[in-house]
Amino acid sequence: MTARLNVNIDHVATIREARKTIEPSIITAAVICEQAGANGITVHLRQDRRHIQDRDIELLRDVVTTYLNVEMAATDEMIAIAERTRPDAVSLVPENPNEVTTEGGLDVIGNLENIEKASEKLRAAGIFVSIFIDPDVDQIEAAARSGAQQIEICTAEYAELTLASRAVHGEGERKAAAEVDRIRRAAVHAKDNGLMVAAGHGLTYRNVGALAAIPEITEFNIGHNIISRSVFVGLDKAVREMIEAISRANS
Ligand code: PXP
């Protein structure tokens with residue numbers, strides 16, 4: 239079965255916030271993504287509010303008819319926002335104020351108590367709980383104990399290995415294949431531990447295929463590459479092309 243695609247539209251808001259103005263509209267972006275066939279919309283409400291704002295979450299909750307996934311840190315402030323706005327899913331992510339983007343998976347082992355508390359509150363509010371982690375057996379087992387229903391495997395390392403300049407034949411290609419294998423084993427282990435499996439971070443039209451061929455991965459969260467391509471070909475076409483890249487792996 240082809241994995242679902244949630245389009246991360248943070249960077250539509252990044253452009254808007256560059257001028258602190260009203261365009262481009264993330265509501266229009268969400269509707270275009272859904273009409274192009276996306277299975278859901280993902281946004282990251284960062285503590286520094288550098289792109290998505292609290293009001294965006296409220297508006298998206300009213301407009302998104304497919305699936306709204308909100309990425310957030312497991313802080314009291316964020317969990318309270320989720321309880322109030324009720325997205326379909328919350329993905330708990332680590333957050334470092336100076337990072338350009340999320341730098342890696344959450345340390346579930348080191349933060350188990352806090353994550354358990356957050357998961358319990360979110361699940362009590364009827365929200366599906368996913369945790370963004372590295373493809374690591376111990377973190378997966380901790381995620382299963384934390385009360386989360388899904389893990390999202392951080393694909394940052396794989397993405398780095400498949401950057402055009404590094405994915406040449408030989409060493410680079412071997413390292414990327416080894417990372418795909420590590421992700422595959424993590425996905426199987428998570429499923430064996432009763433967790434659903436998503437993947438995301440740095441995925442592109444060129445590198446998503448190898449992961450889309452892993453049957454345990456049932457969801458992708460992809461943003462930067464789709465929004466980048468949409469600048470040249472439009473958002474509708476950019477989303478359709480990513481759906482095609484994912485489906486091609488299963489045909
Ligand atoms: N999944 C998570 C948990 C993320 O933090 C991000 C980046 O916001 C993504 C997926 C999407 O990554 P990208 O924008 O590189 O596709």
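In this text, residue positions in the sequence shown follow the numbering used here: the first is 239, and each later residue adds one. C-beta atoms are modelled at their ideal positions from N, C-alpha and C, and glycine is treated no differently.
Leaving aside the five residues before and after I371 along the sequence, list all residues of the same chain whose C-beta is less than 8 Å from its C-beta, in chain order.
In the sequence shown, counting from the first residue as 1, residue 371 sits at position 133. Excluding sequence neighbours, I371 sits near G343, L344, V346, Q377, I378, A381, I389, E390, I391 and C392.
Determine, using beta-carbon pairs with one atom in the stretch 462 to 479 and one in the stretch 431 to 444, whether at least three such pairs fall under 8 Å.
yes
Neighbourhood of A425 by C-beta distance below 6 Å, restricted to the same chain and skipping five residues each side
Counted from its first residue, the sequence shown places residue 425 at position 187. So the qualifying residues of the chain are V435, I452, E454 and I455.
Using 8 Å as the threshold, is the stretch 322 to 332 in touch with the stretch 300 to 310, meaning 3 or more CB pairs across them?
yes
Taking the alpha-carbon of T250 as reference, which of E398, M239 and S263 has the nearest alpha-carbon?
To locate residue 250, count along the sequence shown from 1; it is residue 12. Reading off the sequence, residue 250 comes out as Val, not Thr. Of E398, M239 and S263, the residue nearest in Cα terms is S263.
Taking only three categories from DSSP, how would you classify R288?
The count along the sequence shown starts at 1 and reaches residue 288 at position 50. It is coil, neither helix nor strand.
State the Cα-Cα distance for the pair Q273 and D474, rounded to the nearest angstrom.
Looking up residue 273 in the sequence shown gives position 35. Looking up residue 474 in the sequence shown gives position 236. Straight-line Cα distance between these residues: approximately 8 Å.
For the alpha helix (DSSP H) containing N488, name the first residue and the last one.
On the sequence shown, residue 488 is found 250 positions in, with the first residue counted as 1. Unbroken run through N488: none, as it is neither H nor E.
CB of D292 within 9 Å of CB of P335, strictly:
Taking the sequence shown and counting its residues from 1, the one referred to as residue 292 is at position 54. Taking the sequence shown and counting its residues from 1, the one referred to as residue 335 is at position 97. Cβ distance not < 9 Å, so D292 and P335 don't count as in contact.
6 Å CB neighbourhood of E321 in its chain, flanking five on each side removed
One-based indexing of the sequence shown puts residue 321 at position 83. Sequence-distant Cβ neighbours of E321 in its own chain, meaning closer than 6 Å and more than five residues away, are A363.
Contact under 9 Å by Cβ, V281 with I247:
Numbered from 1 along the sequence shown, position 43 holds the residue referred to as residue 281. Numbered from 1 along the sequence shown, position 9 holds the residue referred to as residue 247. Against a cut-off of 9 Å, the Cβ pair of I247 and V281 comes out as a contact.
Rounded to whole angstroms, what's the CA-CA distance from I488 to A450? Just pull it up for me.
Residue mapping note: residue 488 aligns to position 250 of the sequence shown, counting from 1. Residue mapping note: residue 450 aligns to position 212 of the sequence shown, counting from 1. This sequence places Asn at residue 488; Ile is not what is there. The alpha-carbon atoms of N488 and A450 are separated by roughly 7 Å.
Quick check on DSSP: helix, strand or coil for Q388?
Taking the first residue of the sequence shown as position 1, residue 388 is located at position 150. If DSSP states are grouped into helix, strand and coil, Q388 belongs with the strands.
Is there at least one non-hydrogen atom of the ligand PXP closer than 8 Å to the beta-carbon of V338?
Against the sequence shown, residue 338 aligns to sequence position 100. No.
Any heavy atom of the ligand PXP within a distance shorter than 8 Å of the CB on N463?
Position 225 of the sequence shown holds residue 463. At least one heavy atom of the ligand PXP is nearer than 8 Å to the Cβ of N463, so yes.
Determine the extent of the beta strand (DSSP E) in which T280 is found, giving its start and end residues.
One-based indexing of the sequence shown puts residue 280 at position 42. Its beta strand (DSSP E) spans residues G278 to H282.
Does any heavy atom of the ligand PXP sit closer than 8 Å to the C-beta of C271?
Numbered from 1 along the sequence shown, position 33 holds the residue referred to as residue 271. No, the ligand PXP has no heavy atom inside 8 Å of this Cβ.
Classify R284 as buried or exposed, calling it buried when 16 or more other Cβ atoms lie within 10 Å of its own Cβ.
For this step, residue 284 is matched to residue 46 along the sequence shown. Under this definition R284 is a buried residue.
Beta-carbon proximity list for S468, same chain, < 7 Å, skipping 5 on both sides:
Position 230 of the sequence shown holds residue 468. The residues are A476.
Within the same chain, show all residues whose beta-carbon is closer than 6 Å to that of P428, passing over the 5 residues directly before and after it, in chain order.
Within the sequence shown, residue 428 is the residue found at index 190, counting from 1. Correcting the residue type first, residue 428 is Ala in the shown sequence and not Pro. Closer than 6 Å at the Cβ level, and outside the excluded window around A428, lie I378, I389 and V435.
Have a look at M310, V338, D374 and T340 and flag the residue whose alpha-carbon is nearest the alpha-carbon of V367.
Sequence index remark: in the sequence shown, residue 367 carries index 129 (1-based). Ranking M310, V338, D374 and T340 by Cα distance to V367 puts M310 first.
In the DSSP assignment, the alpha helix (DSSP H) including G447 goes from what residue to what residue?
Within the sequence shown, the letter at position 209 stands for residue 447. Residues V446 to A450.
Best match in R257, G432 and A397 for proximity to E417 [C-alpha to C-alpha]
For the purposes of this step, residue 417 is taken as the residue at position 179 of the sequence shown. Check the Cα spacing between E417 and each of R257, G432 and A397: the tightest is with A397.
Using the beta-carbon count (16 or more within 10 Å), is S466 buried or exposed?
Counted from its first residue, the sequence shown places residue 466 at position 228. By the neighbour-count rule (16 or more Cβ atoms within 10 Å), S466 is not buried but exposed.
So, G447 versus R486, is the Cβ gap smaller than 9 Å?
The count along the sequence shown starts at 1 and reaches residue 447 at position 209. The count along the sequence shown starts at 1 and reaches residue 486 at position 248. Taking 9 Å as the Cβ cut-off, G447 and R486 qualify as a contacting pair.
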